[in-house]
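Take a look at the structure below.
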Amino acid sequence: MAFTLDEFHQCIFDLYEQSKKLHDRWQLIETTKGSYLIYSFIDTNCLKYDFHIVFSESYSVPVLYFNISHLDGSLLSLDDIWKLFIHKKNSNMYETITQQEHPILHRPFFVLHPCHTENLLRKVAEQSIKKRFLFWLSIYGQSIGLPLSINYAID
Amino acid sequence: MTTLKFTPYSSALDTGFWHELTRRKLDIYRLDSSDRSIYGYYSNDANDNMPALFNVDHRYFDENNEISNQQQQYSVNGTLKLVNTIEEFKTFDIDSALKSESNILWNDFIQGNTLENPQKLNRFYLLIFADLKKYIYYYWFAFPTFLVPTSFYLLNPIQSIGERFSIDEITAITKTLESNQLHACCLHRQENLSFSIVSLKQAVQYLNKQSQLASEYIFIVNDPSTDPIYPGWPVRNLLTLLYYHLCSVEQLNIICWRERFRDGHRYVNHSLYLQLKPESISNIGDTIPSSTGWEKNERQRLGSRQVNLSTSMNPIHLAETAVGLNLKLMKWRLAPEIDLETLEKTCCLLLGAGTLGCNVARCLMGWGIKHITFVDNSRISYSNPVRQTLFTFQDSCENKPKAQAAADALKIIYPGIKSTGYDLTIPMPGHTVGDSTMEKVKEDVNLLHDLIRQHDVIFLLTDSRESRWLPTVIGAVEQKIVLCCAVGFDSYVIIRHGIPTKDLDSSSSSSTTTYKNFLPGHKLGCYFCNDIVAPGDSSIDRTLDQQCTVTRPGISMMASALSVELLVSIIQHPLRGQCPASIHADHEESIPETVSCLGIVPHTIRSFLSRYSTVLPTGEAFSQCVACSSIVRKAFEDDGFSFLLQVFNDLNYLENLTGLRAMQLATDLNDIIELSDDEEI
Numbered sequence: 001m002a003f004t005l006d007e008f009h010q011c012i013f014d015l016y017e018q019s020k021k022l023h024d025r026w027q028l029i030e031t032t033k034g035s036y037l038i039y040s041f042i043d044t045n046c047l048k049y050d051f052h053i054v055f056s057e058s059y060s061v062p063v064l065y066f067n068i069s070h071l072d073g074s075l076l077s078l079d080d081i082w083k084l085f086i087h088k089k090n091s092n093m094y095e096t097i098t099q100q101e102h103p104i105l106h107r108p109f110f111v112l113h114p115c116h117t118e119n120l121l122r123k124v125a126e127q128s129i130k131k132r133f134l135f136w137l138s139i140y141g142q143s144i145g146l147p148l149s150i151n152y153a154i155d
Numbered sequence: 001m002t003t004l005k006f007t008p009y010s011s012a013l014d015t016g017f018w019h020e021l022t023r024r025k026l027d028i029y030r031l032d033s034s035d036r037s038i039y040g041y042y043s044n045d046a047n048d049n050m051p052a053l054f055n056v057d058h059r060y061f062d063e064n065n066e067i068s069n070q071q072q073q074y075s076v077n078g079t080l081k082l083v084n085t086i087e088e089f090k091t092f093d094i095d096s097a098l099k100s101e102s103n104i105l106w107n108d109f110i111q112g113n114t115l116e117n118p119q120k121l122n123r124f125y126l127l128i129f130a131d132l133k134k135y136i137y138y139y140w141f142a143f144p145t146f147l148v149p150t151s152f153y154l155l156n157p158i159q160s161i162g163e164r165f166s167i168d169e170i171t172a173i174t175k176t177l178e179s180n181q182l183h184a185c186c187l188h189r190q191e192n193l194s195f196s197i198v199s200l201k202q203a204v205q206y207l208n209k210q211s212q213l214a215s216e217y218i219f220i221v222n223d224p225s226t227d228p229i230y231p232g233w234p235v236r237n238l239l240t241l242l243y244y245h246l247c248s249v250e251q252l253n254i255i256c257w258r259e260r261f262r263d264g265h266r267y268v269n270h271s272l273y274l275q276l277k278p279e280s281i282s283n284i285g286d287t288i289p290s291s292t293g294w295e296k297n298e299r300q301r302l303g304s305r306q307v308n309l310s311t312s313m314n315p316i317h318l319a320e321t322a323v324g325l326n327l328k329l330m331k332w333r334l335a336p337e338i339d340l341e342t343l344e345k346t347c348c349l350l351l352g353a354g355t356l357g358c359n360v361a362r363c364l365m366g367w368g369i370k371h372i373t374f375v376d377n378s379r380i381s382y383s384n385p386v387r388q389t390l391f392t393f394q395d396s397c398e399n400k401p402k403a404q405a406a407a408d409a410l411k412i413i414y415p416g417i418k419s420t421g422y423d424l425t426i427p428m429p430g431h432t433v434g435d436s437t438m439e440k441v442k443e444d445v446n447l448l449h450d451l452i453r454q455h456d457v458i459f460l461l462t463d464s465r466e467s468r469w470l471p472t473v474i475g476a477v478e479q480k481i482v483l484c485c486a487v488g489f490d491s492y493v494i495i496r497h498g499i500p501t502k503d504l505d506s507s508s509s510s511s512t513t514t515y516k517n518f519l520p521g522h523k524l525g526c527y528f529c530n531d532i533v534a535p536g537d538s539s540i541d542r543t544l545d546q547q548c549t550v551t552r553p554g555i556s557m558m559a560s561a562l563s564v565e566l567l568v569s570i571i572q573h574p575l576r577g578q579c580p581a582s583i584h585a586d587h588e589e590s591i592p593e594t595v596s597c598l599g600i601v602p603h604t605i606r607s608f609l610s611r612y613s614t615v616l617p618t619g620e621a622f623s624q625c626v627a628c629s630s631i632v633r634k635a636f637e638d639d640g641f642s643f644l645l646q647v648f649n650d651l652n653y654l655e656n657l658t659g660l661r662a663m664q665l666a667t668d669l670n671d672i673i674e675l676s677d678d679e680e681i
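If you read the protein sequences in the order shown, they are chains S and Z. When you line the first sequence up against UniProt numbering, it's residues 1 to 155, in that order. When you line the second sequence up against UniProt numbering, it's residues 1 to 681, in that order.
Below, the structure is given as structure tokens:
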């Protein structure tokens, strides 16, 4: 159910490779403090969305960090973010947005709290790690506007 | 002939850039404001109607940083100038800076460097001043380009390549460019409808030898613009470059290459096709032409921009947000009906900054309460820090006044707190006031009254019974929420005072309602309601250990914590301080009127540590109470200080006033069950 660090690395590397083939925007950043994936895009309202997939050591699961900023680099507040996602906001217990320091970049990011991830992953326990990873990403990602092409699910 | 016009860049900075800039300024650059190399990039894959963005990222500070070869990101070299003062920023010589940056660009153009390496088609200059106290960043971008030629003449109207080329041709072009990483290059049309890539340098050489073959060559440049008729800056610079190097070419074909990816498919038909009549500018020689390129600000004027990042960078802001978020999370996940906003605005007055005061303050902060005022007349002594959790050993060495030290300690824990301390002695019944001290006592009374008026909640946390009398009276008159907390060696009591109704005429004799299950808020008693003797000077005849309350250390923590939790429950109840209390609170079924979203709101909490037991009695207001009865309140409102003076100086005055004296005389003392709180050891 949980991911090992190696499995996580494998998943993000695979996603990055697939992304290159699809000419999508995932970027793989490897640092001495850890590796993570970034997806960035700018929407029609000139808001920049940055999504980071980082590994949580304590929960042994991937975690989705994100920030939404204006083009001058200023960040949206939590209230602004709630307003943006109000139509998606439901009582789904899997998603709780909180703000934390990014474990590698050490600056504030919003994060979908990972405490329920393991529970969620239990539903697909028998699947391959790649499928479990995509399952997690598609559920957590869609609640905060991360576009994920169906092509990633096609081998 | 129509002329070609261009879309300038729109700068875009990422949050990480500002963080990294700040870090470098503090750790590396310090006061050194010399020019530095920096990199930015633009892409050619934006959606319709997006501006032509020029991005600067946190990764692009110097060459040694890995400039990842991201697809569709074309790097640009630039110069960063980080000045040290706002004056330097405002008086900066923008003309020279632009000139020097343009020189670099021009030299690369004319010396052939750009033809060899098309990455040099663009440059930028970035002027910044960072106000690191307020976290406001002032910045201004310049994207140099030249004012020669004055016009770019088009031979034909601008078309998209979808309009100009056949599907096969577009497919061939796309295929040829598939692995191309260059910022600009040239396509040479071959016999069999295919194309081959030629570098800019080679293309220029061929064309200069055989200018009549111009129609076979199409120059390709990545274009950040999405506008259907205005290409971006790289196109303009490419044309300037070509107009310098080409001679006698009658026709120049350009594709402003734009791509878009959806679900793995590449779309390019929206790229622009231009056919221009070039005008040679090589006669300029070595003179550097005039340039332009400072970015206009948000109001379309030539001026700098600024961004305020204090909410995401100022640590005090960050602490505030984190504390608030913590409470909100509790609300969202566990107690959705809880009203955190009212809590935050509640102003609390803590009378006593000792063991109880320190712990109550800590707990209030945990709930997000921001306004805490301390009142205490003593100084920190050596025995205090181990129990009084806001003080340190150093404080006791300096013998600091407690109220102020407590207020300061709160600010160190959380800078967003609004805390103050008053060194004030609360005048007490039975503690005589002489003529010499009368004015001072009067001032103290007035100050206390003002403080009570200005706050929403009063905590009675002092170390004697009599010091609680005056605040009880004033609190009742001002209709404030009063929480009284008293501790004994191994017991404690917490009472929320009833809030009597304003009309003083309705004495208890006229109210005939008997309350079966709960008492309404105005009928609840206060700390003194169970006493039939007035509070006197309890410090006389007490030994040293009795003069300061010594308790089992855990008692104070428990009592303080419960007092705050009780307060929060009170505030959550729609009637707040007027919230009723169930008469049999210990019983299972709670009555809906007495319950808030956090549970029951008892009147009194009494705990005994020796048995680890707690009871929740409910006390009714006593019509002859020495503190909260209508007689006393009326006397205070009518006669003010002169009434108080009599109370302070004459031990029997209160008992006479309330009729307690008469009651005592009429009663056989042996039959009395002692009901007063005994906090004295």
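Ideal Cβ positions, reconstructed from N, Cα and C, are used throughout, including at glycine. Small disclaimer: the values here were computed from a predicted structure and weren't measured.
The residue among Val550/Z, Tyr382/Z and Ala214/Z with its C-alpha nearest the C-alpha of Asn399/Z is Tyr382/Z. When DSSP assignments are scanned along the region 571 to 658 of chain Z, the uninterrupted stretches of beta strand (DSSP E) that are 3 or more residues long and fall wholly within it turn out to be 604 to 608 and 613 to 615.
For Gln99/S, the uninterrupted beta strand (DSSP E) run begins and ends at Ile97 to Glu101, by DSSP. Taking a Cβ-Cβ cut-off of 8 Å, the neighbours of Met50/Z in chain S comprise Ile42, Thr44 and Cys46, given in sequence order.
From the listed residues Pro580/Z, Leu26/Z, Pro336/Z and Asn283/Z, the smallest Cα separation to Gly619/Z is found for Pro580/Z.
Runs of the alpha helix (DSSP H) lying entirely within the region 76 to 123 of chain Z and spanning at least 4 residues, in chain order: 86 to 90, 94 to 110 and 113 to 116. Contacts between His9/S and chain Z, judged by CB atoms closer than 9 Å, are missing: the closest CB pair is about 18 Å apart.
Under the 8 Å Cβ criterion, the region 559 to 569 of chain Z counts as touching the region 357 to 367 of chain Z, having at least three qualifying pairs.
Not flagged as an interface residue toward chain S: Phe61/Z, since no C-beta distance is shorter than 8 Å. Judged by DSSP in its simplified three-state form, Asn446/Z adopts helix.
Taking a 10 Å sphere around the C-beta of Glu163/Z, we find fewer than 16 other C-beta atoms and assign the residue as exposed. Under the 8 Å criterion on CB atoms, Asp14/Z is classed as interfacial with respect to chain S. Looking from the CA of Ala172/Z, the closest CA among Arg189/Z, Leu200/Z and Leu182/Z belongs to Arg189/Z.
With fewer than 16 other Cβ atoms from the protein chains shown falling within 10 Å of its own Cβ, Gln210/Z counts as exposed.
In the structure shown, Ile499/Z adopts coil according to DSSP, grouped into three states. Taking CB atoms only, Thr311/Z has a neighbour in chain S less than 8 Å away. In this structure, Leu193/Z and Asp223/Z do not form a Cβ contact; the two beta carbons are roughly 24 Å apart against a cut-off of 8 Å. Along the length of the region 276 to 342 of chain Z, whole beta strand (DSSP E) runs at least 3 residues long occupy 291 to 294 and 305 to 308, reported in chain order. The beta-carbon of Gly416/Z is placed no less than 8 Å from the nearest beta-carbon of chain S. Taking CB atoms only, Ala407/Z has no neighbour in chain S less than 8 Å away.
The beta carbons of Ile458/Z and Leu349/Z sit about 5 Å from each other, so the pair counts as a contact at 8 Å. By DSSP's assignment, Ala12/Z forms a beta bridge with Asn55/Z. The beta carbon of Asp27/Z does not come within 8 Å of any beta carbon belonging to chain S, so the residue lies off that interface.
Between Leu460/Z and Asp444/Z a beta carbon distance of about 16 Å is seen, past the 8 Å cut, so the two are scored as non-contacting. Contact of Arg107/S with chain Z by beta-carbon distance below 9 Å involves Thr15, Gly16, His19, Ser312 and Met313. Ile412/Z sits exposed, since fewer than 16 C-beta atoms from the chains shown fall within 10 Å of its C-beta.
Chain Z has no Cβ within less than 8 Å of the Cβ of His116/S.
Taking 8 Å as the CB threshold, His23/S lines the interface with chain Z. Taking Ile86/Z as the centre and dropping the five residues before and after it, the same chain places the C-beta of Phe129 closer than 6 Å to its C-beta, in chain order. For Ser37/Z, the enclosing beta strand (DSSP E) has its first and last residue at Arg36 to Tyr42. Closer than 8 Å to the CB of Leu329/Z there is at least one CB belonging to chain S. The Cβ atoms of Thr4/S and Val61/S lie no closer than 8 Å to each other. For His116/S, there is no enclosing alpha helix (DSSP H), as DSSP gives it neither H nor E. Annotation: the region 352 to 438 of chain Z contains the following complete segments of the alpha helix (DSSP H) (minimum length 4 residues), in chain order: 355 to 366, 393 to 397 and 402 to 413.
Contact note: Thr31/S does not reach chain Z at a C-beta cutoff of 8 Å; the least C-beta distance is about 10 Å. Contact note: Asn67/S reaches chain Z through Thr15, using a C-beta cutoff of 8 Å and chain order.
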